[in-house]
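Trainee:
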Amino acid sequence: MQSRFPQPIVTPPSESSPEILSTARTVLRAQAQSLAYISNIYEHDASVQAQFFLSLQYMHNAILSNGKIVVSGMGKSYKIADKLVATMNSLGIHATALHPSDALHGDLGVIKPTDVVVLITSSGNTPELLNILPHISKGIPLLCLTCTLDSPLALKSTSLLPAVLPKDLTEKSVYGLPAPTTSTTACLAVGDAVCITLAEMLIGDLNQRRMNFGKWHPGGAIGQDFSKEQEGGASVTDAATIRARITPWDRVAKIAVGSVDSEAALWRLLASHAWVVYDNKKLIATSTIIAALASTEHGNDAAAYDRVMTTVKGHELASLVSYLDAGDTLYEQLAAAKLALVHGLDGVPTGLYAA
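So the mapping is simple: the numbering used here equals the position in the sequence shown, first residue as 1, plus 847.
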């Protein structure tokens, strides 16, 4: 049967054209190697881990303080900012994109005292982003998502979201010209890691995250899938809401006397934990420790650690009521509680409830 559509005229590559599949493989291989490299440093580099943990805690605290994540970038980095903001909002994380040019013409007013600002820049030397820094109120955390950790923007930031690439995987090294590919992929991947990790920090229960995602994403094939689930009997009940407020015990950080000897080790321990139990006696919100860390001089590891541990040791034990996890009756007990320890029949804690 003859096609109704005109057939394209396919011309062979000229002698000066690249071998098509070879070039495509080079691009894909460079992208894959870039992500493998970043995954490796996030697994093994303690300084990268510490910066990521610190940045996530700033964002976590902003959301808990009714603030939002303001994401900015120039050019392709702004398009990445748009994508990350869309992902965060679909996960229930309040976020907005801010174009640096618009920021200087009135849009800086979108940044509130409880917010966090994330600057996306591969080079770390984007003039438009540098220009807005003097106009952002002091005290607002500036997080830099960048491939260049010793850049001007990185050095002026409160903390970093490293998307580091080795020199042999930069665009200029791979293709001979700096067309953004590996760097944008690196920033997007780290940004996606931020979105998913932050969502888990804010809501520990996967089922609750799924229900929220379905509520905020009713359109398209994804929305249809969630709609079918709800028609099949999935609904948000009071019991499910209360269950979602229980932090699993393995998500509560435990600090024994003498177990933490540096600020970096403390950050690793705090990551993804909203609560800390010190010496099996004192319960402290992670935000209290973050505030103590943030008030210390940057780069003074020993002073930061000493000040934080003084804060932790002097903190009053939060009032905890213990409840047995015995099915539906648990929800009736917790409904009237503000803060409660949940345990099993053996007396071992299984979770921490916070209204």
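For glycine and all other residues, C-beta sits at the position ideal for the given N, C-alpha and C.
Just so it is clear, the structure is predicted and the values come from calculations on it, not from any experiment.
1. As a quick exercise: from 1018, 987, 889, 1096, pick the residue whose alpha carbon is nearest that of residue 970.
2. Looking only at its chain, what residues have a beta carbon closer than 8 Å to the beta carbon of residue 1004, apart from the 5 residues adjacent to it on each side?
3. Measure from the alpha carbon of residue 881 to the alpha carbon of each residue in 1036, 869, 949, 934, then state which is nearest.
4. Short of 6 Å in beta carbon distance, which residues of its chain neighbour residue 1145, apart from the five on each side in sequence? Order them along the chain.
5. Please classify residue 1194: is it buried, with 16 or more other beta-carbons within 10 angstroms of its beta-carbon, or exposed?
6. What are the residues that DSSP puts in a beta bridge with residue 993?
7. Below 6 Å CB to CB, which residues in the same chain sit around residue 955 once its five sequence neighbours on both sides are set aside?
8. On the three-state DSSP scale, how would you describe residue 1187?
9. Could you give the DSSP three-state label for residue 915: helix, strand or coil?
10. If you follow the alpha helix (DSSP H) that residue 1037 is part of, which residue opens it and which one closes it?
11. Can you give the beta carbon distance from residue 934 to residue 1042, rounded, assuming they're within the 8 Å contact cut?
12. Using only CA atoms, which one of 918, 963, 1033 lies nearest to residue 944?
13. Can you say whether residue 913 is buried or exposed, counting buried as having 16 or more other CB atoms within 10 angstroms of its CB?
14. So the candidates are 868, 867, 878; which of them puts its Cα closest to the Cα of residue 1026?
15. Quick one: Cα of residue 1113 to Cα of residue 899, how far?
16. So what's residue 956 in DSSP terms, helix, strand or just coil?
17. Short check: CB of residue 1124 to CB of residue 1099, under 8 Å?
18. By alpha-carbon positions, which one of 921, 930, 924, 964 ends up nearest to residue 910?
19. Please go through the same chain and pick out, in chain order, the residues whose beta-carbon is closer than 7 Å to the beta-carbon of residue 1197, but skip the five residues on each side of it.
20. Can you tell which of 920, 985, 905 has the C-alpha that lies nearest to the C-alpha of residue 1045?
21. What does DSSP give as the partner residues of residue 920 in its beta bridges?
22. With a threshold of 16 other CB atoms inside 10 Å of the CB of residue 985, please say whether the residue is buried or exposed.
23. Which residue from 1199, 987, 931, 1006 puts its Cα closest to that of residue 957?
24. Are the beta-carbon atoms of residue 902 and residue 1006 separated by less than 8 Å?
25. Please report the straight-line C-alpha distance between residue 894 and residue 1117, rounded to a whole angstrom.
Mentor: By the coordinates alone:
1. Along the sequence shown, read from residue 1 onward, the residue named residue 970 stands at position 123. Between residue 970 and the set 1018, 987, 889, 1096, the nearest pair of CA atoms involves 1018.
2. What you label residue 1004 is simply residue 157 of the sequence shown in a count that begins at 1. Counting only residues of its own chain and dropping the five nearest sequence neighbours on each side, residue 1004 has a CB closer than 8 Å to the CB of 966, 989, 990, 991.
3. Locating residue 881 in the sequence shown gives position 34, counting from the first residue. Here the closest residue by C-alpha is 1036.
4. Position 298 of the sequence shown holds residue 1145. Residue confidence is low: residue 1145 scores 48 on pLDDT, short of 50, so the model does not pin down where it sits. Its coordinate-derived value is still stated next. The answer is none, since no qualifying residue turns up.
5. The sequence position of residue 1194 within the sequence shown is 347, counting from 1. So residue 1194 counts as exposed.
6. One-based indexing of the sequence shown puts residue 993 at position 146. For residue 993, which the question treats as bridged, DSSP gives the partners 968, 1009.
7. Translated into positions along the sequence shown, residue 955 becomes position 108. If we look at residue 955 and ignore the five residues flanking it on each side, its Cβ neighbours are 982.
8. As a working note, residue 1187 is residue 340 in the sequence shown. Looking at residue 1187 - three-state DSSP - the assignment turns out to be strand.
9. Position 68 of the sequence shown, counting from 1, holds the residue named residue 915. Note: residue 915 maps to coil in three-state DSSP.
10. Along the sequence shown, read from residue 1 onward, the residue named residue 1037 stands at position 190. Taken as a continuous stretch (DSSP letters only), the alpha helix (DSSP H) holding residue 1037 covers 1029-1049.
11. Translated into the one-based positions of the sequence shown, residue 934 becomes position 87. Translated into the one-based positions of the sequence shown, residue 1042 becomes position 195. That belief holds up - the Cβ atoms of residue 934 and residue 1042 are roughly 5 Å apart, short of 8 Å.
12. The residue given as residue 944 occupies position 97 in the sequence shown. When each option's Cα is compared against that of residue 944, the closest is 918.
13. Position 66 of the sequence shown, counted from the start, is the residue given in the question as residue 913. The residue is exposed, with fewer than 16 neighbouring Cβ atoms inside 10 Å.
14. Taking the sequence shown and counting its residues from 1, the one referred to as residue 1026 is at position 179. Taking only the C-alpha atoms, the option nearest residue 1026 is 878.
15. Position 266 of the sequence shown, counted from the first residue, corresponds to residue 1113. Position 52 of the sequence shown, counted from the first residue, corresponds to residue 899. As the crow flies, the alpha-carbon of residue 1113 is around 13 Å from that of residue 899.
16. Looking up residue 956 in the sequence shown gives position 109. In the three-state scheme derived from DSSP, where H, G and I count as helix and E and B as strand, residue 956 is classed as helix.
17. One-based indexing of the sequence shown puts residue 1124 at position 277. One-based indexing of the sequence shown puts residue 1099 at position 252. Yes; because the gap between Cβ atoms is below 8 Å, this pair is in contact.
18. To locate residue 910, count along the sequence shown from 1; it is residue 63. Of 921, 930, 924, 964, the residue nearest in Cα terms is 964.
19. Translated into positions along the sequence shown, residue 1197 becomes position 350. Cβ within range, chain order: 1096, 1172, 1189, 1190, 1191.
20. Position 198 of the sequence shown, counted from the first residue, corresponds to residue 1045. Looking at the Cα atoms, 905 is the closest of the given residues.
21. Against the sequence shown, residue 920 aligns to sequence position 73. Bridge partners of residue 920 according to DSSP: 967.
22. The residue you call residue 985 lines up with position 138 of the sequence shown. Exposed, since its Cβ has fewer than 16 Cβ neighbours within 10 Å.
23. For this step, residue 957 is matched to residue 110 along the sequence shown. That would be 987, whose Cα lies nearest to the Cα of residue 957.
24. Position 55 of the sequence shown, counted from the start, is the residue given in the question as residue 902. Position 159 of the sequence shown, counted from the start, is the residue given in the question as residue 1006. Their beta carbons are under 8 Å apart, which means residue 902 touches residue 1006 by this criterion.
25. By 1-based counting over the sequence shown, the position of residue 894 is 47. By 1-based counting over the sequence shown, the position of residue 1117 is 270. The straight-line gap from Cα to Cα measures roughly 15 Å.
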